[in-house]
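The structure appears right after this line, and notes come after that.
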């Protein structure tokens with residue numbers, strides 16, 4: 060069996076966990092990956108790395124499907140938001156070459172991929188969300204108060220998101236990005252790893268408290284068994300008809316209660332912490348890709364498990380990477 064990790068980039072831990080989980084099912088399992096360049100750190104950890112165009116390139120889909128056919132891929136693990144619409148809309152193309160994709164429905168991807176659309180959806184269900192407004196509305200209001208939080212309607216890794224301290228800050232951000240403005244929240248921030256099986260049932264939820272963040276991704280964290288956070292994450296994902304696989308739900312606990320921030324319909328960068336705590340959502344995905352039952356034991360976990368991250372160097376030679384060879388000839 061083979062697993063493909065898309066846009067593998069720096070996700071060395073995810074590669075290792077994919078291999079561990081897959082080999083727990085089939086001993087001869089392999090992990091292959093795609094990226095726009097072969098000069099990427101996690102590329103050294105996979106059995107084979109394939110270079111493909113950007114997800115915005117019309118040839119991207121065909122390139123990914125071709126890799127799946129060549130490598131005999133059974134399961135595709137998407138890792139970045141820009142690729143999700145393509146994967147969700149082309150599920151049949153992957154099935155034609157024997158690969159299943161751990162991705163939600165196109166409607167779920169559209170809802171979660173647009174911060175304004177998600178807010179409207181959540182508000183309609185009565186879920187607790189922060190106050191949100193269009194930047195133009197706030198800029199036109201002479202009584203608007205600051206600071207607030209600005210974030211692009213789409214995007215990932217917190218690119219473009221920032222606290223706006225005054226009118227000028229918001230005006231500058233809104234010129235550069237199509238975004239939304241929400242109230243600035245204070246409190247404990249959680250990201251919940253949620254697994255939804257192929258029947259649509261929520262099988263497991265692990266809240267990770269984000270103690271420190273780097274480029275929008277957890278760098279220090281701890282697992283916390285907060286029943287209210289678990290309940291809100293579960294209710295949110297259950298309401299997303301068509302959600303499948305590993306989903307991440309971001310929640311704030313403020314002095315006024317819980318606030319649902321957003322949902323990312325893909326595996327999160329902090330998943331290794333949940334895995335260390337005991338759950339094995341990747342193995343669940345592997346089992347489902349093989350048509351096998353998923354035991355409840357895969358979703359048992361311990362609280363108070365901590366994680367800290369640091370950089371690790373990967374050394375090589377120019378000759379090892381086509382991305383460098385061409386520029387050094």
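In the working numbering, the protein residues as written are 60 to 388. Note that the Cβ used here is the ideal one computed from N, Cα and C, for glycine as well.
| Asked | Found |
| --- | --- |
| Ranges of the alpha helix (DSSP H) found wholly within the segment 113 to 151, counting only runs of at least 4 | 119 to 130, 143 to 148 |
| Whole-number beta carbon distance between residue 71 and residue 114, since they are thought to touch under 8 Å | With a Cβ gap of about 21 Å, residue 114 and residue 71 do not count as contacting. |
| Same chain only: Cβ atoms within 8 Å of residue 169, ignoring 5 sequence neighbours per side | 144, 176 |
| Cβ-based neighbour list, residue 188, same chain, cut-off 7 Å, excluding 5 preceding and 5 following | 178, 181, 182, 318, 319 |
| Residue 126 versus residue 312 - alpha carbon distance | 43 Å |
| Residue 391 versus residue 209 - alpha carbon distance | There is simply no residue 391 to check, as the chain begins at 60 and stops at 388 in what is shown. |
| Sequence ranges, beta strand (DSSP E) only - wholly within the segment 216 to 252, length at least 3 | 221 to 223, 238 to 241 |
| Check whether residue 343 and residue 262 have beta carbons under 8 Å apart | yes |
| Given 8 Å, three or more beta-carbon pairs between the segment 293 to 302 and the segment 231 to 249 | no |
| Burial state of residue 388 (16 or more Cβ within 10 Å) | With a pLDDT of only 49 at residue 388, under the threshold of 50, the placement of this residue in the model should not be trusted, and no figure is reported. |
| Complete alpha helix (DSSP H) runs within the segment 144 to 213 (minimum length 4 residues, chain order) | 150 to 154, 165 to 172, 174 to 183, 194 to 198 |
| Length of the line joining the Cα atoms of residue 229 and residue 373 | 40 Å |
| Residue 225 versus residue 241 - alpha carbon distance | 14 Å |
| Close Cβ partners of residue 272 (< 7 Å) along its chain, the five nearest in sequence each way excluded | 278 |
| Limits of the alpha helix (DSSP H) - the one that residue 340 falls within | 340 to 348 |
| Residue span of the alpha helix (DSSP H) that contains residue 296, given as start and end | 286 to 298 |
| Close beta carbons around residue 152, own chain, < 6 Å, minus the five adjacent residues each side | 124 |
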